[in-house]
Structure formats: structure tokens, C-alpha cells
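Q: Residue numbers for the sequence shown follow our numbering, so the first one is 10 and each next one is one higher.
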Amino acid sequence: MHSFLFDHLDRCQVAHCALYTPVHNAAAIRQRIISAAKADDGDGERERDEINFAFIDATLITSLLHLQTAIYQAILAELQSSLRTRTVHSEILWALNPTNNITEAIRRYGISDDTKALLVVHICDKSTPSAQVQSKLDKVIDGTLVPLESLQNLTDWSRIQKYYKLNAEPALFCGHEKRHGLEIDSSSYLRIY
Numbered sequence: 010m011h012s013f014l015f016d017h018l019d020r021c022q023v024a025h026c027a028l029y030t031p032v033h034n035a036a037a038i039r040q041r042i043i044s045a046a047k048a049d050d051g052d053g054e055r056e057r058d059e060i061n062f063a064f065i066d067a068t069l070i071t072s073l074l075h076l077q078t079a080i081y082q083a084i085l086a087e088l089q090s091s092l093r094t095r096t097v098h099s100e101i102l103w104a105l106n107p108t109n110n111i112t113e114a115i116r117r118y119g120i121s122d123d124t125k126a127l128l129v130v131h132i133c134d135k136s137t138p139s140a141q142v143q144s145k146l147d148k149v150i151d152g153t154l155v156p157l158e159s160l161q162n163l164t165d166w167s168r169i170q171k172y173y174k175l176n177a178e179p180a181l182f183c184g185h186e187k188r189h190g191l192e193i194d195s196s197s198y199l200r201i202y
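Shown next as C-alpha cells:
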């Protein structure tokens with residue numbers, strides 16, 4: 010698990026990130042998220058707390074900068090009380106999507122029944138130990154934890170090209186995956202302003 014510290018903000022926040030591939034229970038996780046969202050009683054609240062993460066399809070993340078930008082946007086929106094979604098974790102999915110449609114963002118960037126590479130993010134205060142977050146993750150995910158540096162090998166560039174409408178981008182035709190990764194990073198970064 011990797012942690013990003015955002016200590017320059019008013020409330021010091023940490024984003025704990027873990028990359029799993031392969032994931033064997035993606036359909037079960039997705040069903041738990043849906044059930045928890047629909048439940049109104051105490052059991053629903055407990056279930057929401059157990060799965061209080063951003064579950065991201067790792068094949069749609071181009072780089073760590075792409076991920077960090079979305080996390081920063083979500084944390085900033087929460088601190089400014091301007092979330093466009095219900096939670097800071099769903100706000101990360103919204104920030105990853107090139108359009109302003111939250112349903113589309115969840116469908117594209119969130120976990121699906123056939124997700125094999127899963128990036129999980131948990132935003133919390135600096136005082137929460139990463140071992141506690143890892144323990145919660147171990148109860149939810151049946152998969153192999155791999156180093157976050159493996160993320161660059163999982164990117165599905167054809168889907169990135171489709172979602173970001175990069176059909177005419179010259180870098181796509183030159184085999185420069187690193188270059189069009191930078192294009193996505195630049196567009197994600199520019200969306201902050």
C-alpha cells in the first residue's frame with residue numbers, strides 16, 4: 010500500500026492507495042456497494058463503513074499523477090463543502106471522468122463485475138494508521154496486492170483513447186504511450202482550474 014500525504018491543506022489528509030491484480034471477487038464487491046447504498050438501517054451504515062473506499066478500474070489510470078490529481082480534487086472539494094457526489098470517494102471517480110456525468114464516471118471508472126485490476130483509495134485523517142486501512146481492505150478484497158508502480162503496465166490505451174476522445178492525437182499513431190499518458194495527465198491537471 011502506498012500513501013500520499015496532503016499536509017498543505019487546512020485539515021491534513023492522507024490517501025492510502027492499493028493496487029490489486031488479479032481480483033477474484035469484483036462482482037461481490039460491486040454487489041456490496043449497491044446493497045450498502047440502498048440500506049437505510051444500522052446494518053447499512055456498518056456496511057458502508059466497511060466498504061468506504063474508492064474502487065477504481067486500474068486499467069483506466071494512465072499514471073500516478075493522473076490518480077493524485079483526482080484525489081487532490083476530491084479532497085479539496087470536500088474541504089470546501091462543494092462535493093458534487095455523496096462522498097469524497099465517489100468524487101474521485103467523478104474527477105477521473107472527462108465529462109461532468111457522475112453516473113457515467115461510476116460506470117466507466119468504478120468497479121464492474123469483470124474488473125481484474127483494481128485500484129483502491131481510502132481518504133482519511135493523518136492519524137489513521139495504514140495497517141488499519143490494510144486490514145479493512147483484506148476483509149473486502151480477494152486478490153493479489155501488487156506494487157503501485159505496476160500501474161503503468163495495466164493501462165488500457167484503447168479505452169483511454171475512446172473515453173478521452175483522443176482519436177486524432179498524433180502521439181497515438183507513433184506508439185508513444187508515455188506521451189499520450191502525459192496528454193491525459195495534462196488534461197486532468199488542467200481540469201482543477
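C-beta atoms are modelled at their ideal positions from N, C-alpha and C, and glycine is treated no differently.
Below 6 Å CB to CB, which residues in the same chain sit around Glu100 once its five sequence neighbours on both sides are set aside?
A: Excluding positions up to five away in sequence, the list reads Ala83, Ala86, Leu92 and Thr94.
Q: Between Ile111 and the rest of its own chain, which residues show a CB-CB distance below 6 Å, the 5 nearest in sequence each way excluded?
A: Closer than 6 Å at Cβ, skipping near neighbours: Thr94 and Trp103.
Q: With the cut-off set at 8 Å, would you say Phe64 and Val129 are in Cβ contact?
A: Yes, the pair counts as a contact, with Cβ atoms nearer than the cut-off.
Q: For Leu14, count the other beta carbons within 10 Å of its own beta carbon; 16 or more makes it buried, fewer makes it exposed. Which is it?
A: With fewer than 16 Cβ atoms within 10 Å of its Cβ, Leu14 is classed as exposed.
Q: Looking only at its chain, what residues have a beta carbon closer than 6 Å to the beta carbon of Met10, apart from the 5 residues adjacent to it on each side?
A: Hits under 6 Å: His25, Ala27, Ser139 and Gln143.
Q: Any idea if Asp66 is buried or exposed, counting beta-carbon neighbours within 10 angstroms, 16 or more meaning buried?
A: With 16 or more other Cβ atoms within 10 Å, it is buried.
Q: Rounded to the nearest angstrom, how far is the Cβ of Phe62 from that of His98, given a contact under 8 Å?
A: Indeed they touch by this definition, with Cβ atoms about 6 Å apart.
Q: Between the C-alpha atoms of Ser121 and Leu127, what's the straight-line distance to the nearest angstrom?
A: Approximately 10 Å, taken between the alpha carbons.
Q: Classify Gln40: buried if its beta carbon has 16 or more other beta carbons within 10 angstroms, exposed otherwise.
A: Gln40 comes out exposed.
Q: Going residue by residue through the segment 112-148, where are the continuous beta strand (DSSP E) segments of at least 3 residues, counting only ones entirely within it?
A: Qualifying beta strand (DSSP E) stretches, in chain order: 127-134.
Q: Could you work out which residue in Cys133, Tyr118 and Thr71 is closest to Leu157 when comparing CA atoms only?
A: Looking at the Cα atoms, Thr71 is the closest of the given residues.
Q: Threshold first: 3 residues or longer. Then list the beta strand (DSSP E) segments lying entirely within the segment 20-65, N to C.
A: Listed in chain order, the complete beta strand (DSSP E) runs (minimum 3 residues) inside the segment 20-65 are 22-32.
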